[in-house]
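Colleague: Mind having a look at this structure? Questions to follow.
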Amino acid sequence: MHPELAPRLLDQRTLGRLISLAELDPGLVLDDFGTPAALAALAEAEVIVSSWGCPPIDAAVLAAAPRLRAVLHAAGSVKHHVTDACWQRGIQVTSAAWANALPVAEYTVAAILFANKQVLRISSEYRQQRGRRDWQHAHPEMGNYRKTVGIVGASQIGRRVLDLLRPYDFELLLHDPYVTPEQTQALGARAVSLGELCTLSDLVSVHVPELPTTRHLMSRQMLGLMPDGATLVNTSRGSLIDQDALVEELVSGRLSAVLDVTTPEVLPADSPLYELPNVLLTPHLAGSLGNELHRMAAAAADELARFAAGLPFAHPVLPEAIHQTA
């Protein structure tokens, strides 16, 4: 992982637990498998604990690690470092993607509740007017009662969002081609096509992985189907949205948006998204940050305990499911 990440990821409690479960040099944090220190460690290693910044574990790395049996990823996607060579060798892989999904889902639910309450528009108007106004009369559509929320993608995050929204008085719609209507009903939602979801929803929240088939999933056509005054929430990846089409809708004021991700990830300084009163723009902070990093490290320690006890991982990453995940 990135060396500067290690002290933020591993609190003393989790570090102590890792040390109690395995032979571990807490001072050895690698972001290059080709150094003498790395090669010496790989020669003995049975387990790699990885996170953001781990270089690819390719055939050359595996040749230097004859005893390696497992990769415990204290973060989300493993696609950047777990290569085909790992699957061919039968390396067991686990990920803390489920732990990273929790803060994203929490952010999303907060965004949904605030957006339906018209917080974006009203807070901007209040700052400008600096006085009393009958906000309820000005925004009769405000509120969360019986609003329709459309969830695009039953990913780990999407499912957690659905679970967190259960106590509210929402009608929940779900579009996911890999989930049956019966499974959707069990998640507390109604299965619909993407076009129907966009047409019916007061708010659309996107939770699909970034794949070649999902680029611009929220196309100009789909955005055009969203009703006037609707809100789009994106905490997944910027490439899922036709951003040029979205900017046009937002500049016109027809739609609102909560965007934690964009294309490019850091927008140019002249982007209108920075200034629009109907846009909440955040710098990719929905995922694990601050003390939320410790949850992912604790998840890796839990999996190491299971591995040491000869038990299967609680959250395995399976090669046959890679093409459907982030």
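Residue numbers for the sequence shown follow my numbering, so the first one is -11 and each next one is one higher.
Cβ coordinates follow ideal geometry from the N, Cα and C atoms, glycine included.
Please check the pair Thr96 and Glu291, which I expect to be a contact at CB under 8 Å, by giving their CB distance rounded to whole angstroms.
Modeller: 26 Å between Cβ atoms; not a contact.
Colleague: Opposite Pro178 in the DSSP bridges: which residues?
Modeller: Just to set this straight, residue 178 is Arg in the shown sequence, not Pro. Leu161.
Colleague: Hey, Leu161 and Ala177 are a contact pair by Cβ (cut 8 Å); roughly how many whole angstroms apart?
Modeller: 6 Å between Cβ atoms; contact.
Colleague: Specify whether the segment 294 to 307 and the segment 242 to 256 touch according to this definition: at least 3 beta carbon pairs, one from each stretch, less than 8 Å apart.
Modeller: Counting Cβ pairs under 8 Å, fewer than three are found: no touch.
Colleague: Taking Cβ positions, are Ala289 and Ala84 nearer each other than 7 Å?
Modeller: Not a contact, by the Cβ cut-off of 7 Å.
Colleague: In this structure, how does DSSP classify Ala274 when only helix, strand and coil are distinguished?
Modeller: Looking at Ala274 - three-state DSSP - the assignment turns out to be coil, as it is neither helix nor strand.
Colleague: My output table needs one value for Asn279: the three-state DSSP class, helix, strand or coil.
Modeller: Helix.
Colleague: Which first and last residues belong to the alpha helix (DSSP H) in which Thr96 is found?
Modeller: Where Thr96 is concerned, the enclosing alpha helix (DSSP H) stretches over Ala85 to Asn104.
Colleague: Please work out which residues of its chain come closer than 8 Å, Cβ to Cβ, to Ala29, disregarding the five sequence neighbours upstream and downstream, and give them in chain order.
Modeller: Result list for Ala29: Asp13, Leu16 and Leu18, in chain order.
Colleague: Indicate whether the contact test is met: 3 or more Cβ pairs, each with one atom in the segment 194 to 204 and one in the segment 124 to 134, closer than 8 Å.
Modeller: Contact fails: fewer than three Cβ-Cβ distances are below 8 Å.
Colleague: DSSP on Val149, reduced to helix/strand/coil?
Modeller: Three-state DSSP puts Val149 in a helix.
Colleague: Considering Cα atoms alone, identify which of His127, Glu129 and Gln173 is closest to Arg147.
Modeller: Looking at the Cα atoms, Gln173 is the closest of the given residues.
Colleague: So what does Met206 bridge to, in DSSP terms?
Modeller: Per DSSP, Ile229.
Colleague: Does the separation of the CB atoms of Ala37 and Leu9 fall below 7 Å?
Modeller: A quick correction: the sequence has Val, not Ala, at residue 37. In this structure, Leu9 does not lie closer than 7 Å to Val37 by Cβ.
Colleague: Across which residues does DSSP place Ala58 in a beta bridge pair?
Modeller: Per DSSP, Val35 and Gln80.
Colleague: Alpha carbon to alpha carbon, how far is Glu236 from Leu269?
Modeller: So the alpha carbons of these two residues sit roughly 16 Å apart.
Colleague: Which same chain residues end up closer than 7 Å to Trp75 when comparing Cβ atoms and leaving out the 5 residues on each side of it in sequence?
Modeller: Closer than 7 Å at the Cβ level, and outside the excluded window around Trp75, lie Pro307.
Colleague: Report buried or exposed for Asn279, applying the criterion of at least 16 other Cβ atoms within 10 angstroms of its Cβ.
Modeller: With fewer than 16 other Cβ atoms within 10 Å, it is exposed.
Colleague: Along the chain, where does the beta strand (DSSP E) that runs through Gly4 open and close?
Modeller: Counting along the chain, Gly4 falls outside any beta strand (DSSP E), though it belongs to the alpha helix (DSSP H) covering Gln0 to Leu9.
Colleague: Skipping 5 residues on each side, what residues in its chain have a beta carbon closer than 6 Å to that of Leu271?
Modeller: Here residue 271 is Pro; the residue named in the question, Leu, does not match the sequence. Here the set comprises nothing.
Colleague: Counting only the same chain and skipping the five closest in sequence on each side, list residues whose C-beta sits under 8 Å from that of Val254.
Modeller: The residues are Pro271.
Colleague: Is it buried or exposed for Leu243, if we count other Cβ within 10 angstroms and need 16 for buried?
Modeller: Buried: at least 16 other Cβ atoms inside 10 Å.
Colleague: Is Gly212 helix, strand or coil by DSSP?
Modeller: Helix.
Colleague: Tell me whether Ala51 sits in a helix, a strand or coil according to DSSP, three-state version.
Modeller: In this structure, Ala51 counts as helix in the three-state DSSP scheme.
Colleague: Taking its Cβ as the centre, do 16 or more other Cβ atoms sit within 10 Å of Gly275, making it buried, or is it exposed?
Modeller: Gly275 is buried by the Cβ-count criterion.
Colleague: Per DSSP, Ile110 is paired with what?
Modeller: Per DSSP, none; premise fails for Ile110.
Colleague: Please name the residue or residues paired with Thr136 in a DSSP beta bridge.
Modeller: Thr136 is bridged to Glu159.
Colleague: Pull up the CB-CB distance for Glu129 and Gly217, whole angstroms please, since I reckon it's below 8 Å.
Modeller: Contact holds; Cβ gap of about 6 Å.
Colleague: For Ala245, report the span of its beta strand (DSSP E) as first-last.
Modeller: Start and end: Ser244 to Leu247.
Colleague: Buried or exposed for His(-10), going by 16 or more other Cβ atoms inside 10 Å?
Modeller: Result: exposed.
Colleague: Identify whether Ser240 lies in helix, strand or coil by the three-state DSSP scheme.
Modeller: If DSSP states are grouped into helix, strand and coil, Ser240 belongs with the helices.
Colleague: Among the residues of its own chain, which have a CB less than 8 Å from the CB of Ile7, if the five just before and after it don't count?
Modeller: Taken in chain order, the residues that qualify are Pro14.
Colleague: With distances taken Cα to Cα, identify the nearest neighbour of Gly226 among Met206, Ser259, Ser240 and Leu238.
Modeller: Looking at the Cα atoms, Met206 is the closest of the given residues.
Colleague: Just checking my contact of His125 with Gln106 at CB under 8 Å: how many whole Å lie between their CB atoms?
Modeller: Contact flag wrong, Cβ pair sits at about 12 Å.
Colleague: Should Leu277 and Leu(-3) be called a contact, given that it needs their Cβ atoms to be closer than 7 Å?
Modeller: No. Outside cutoff.
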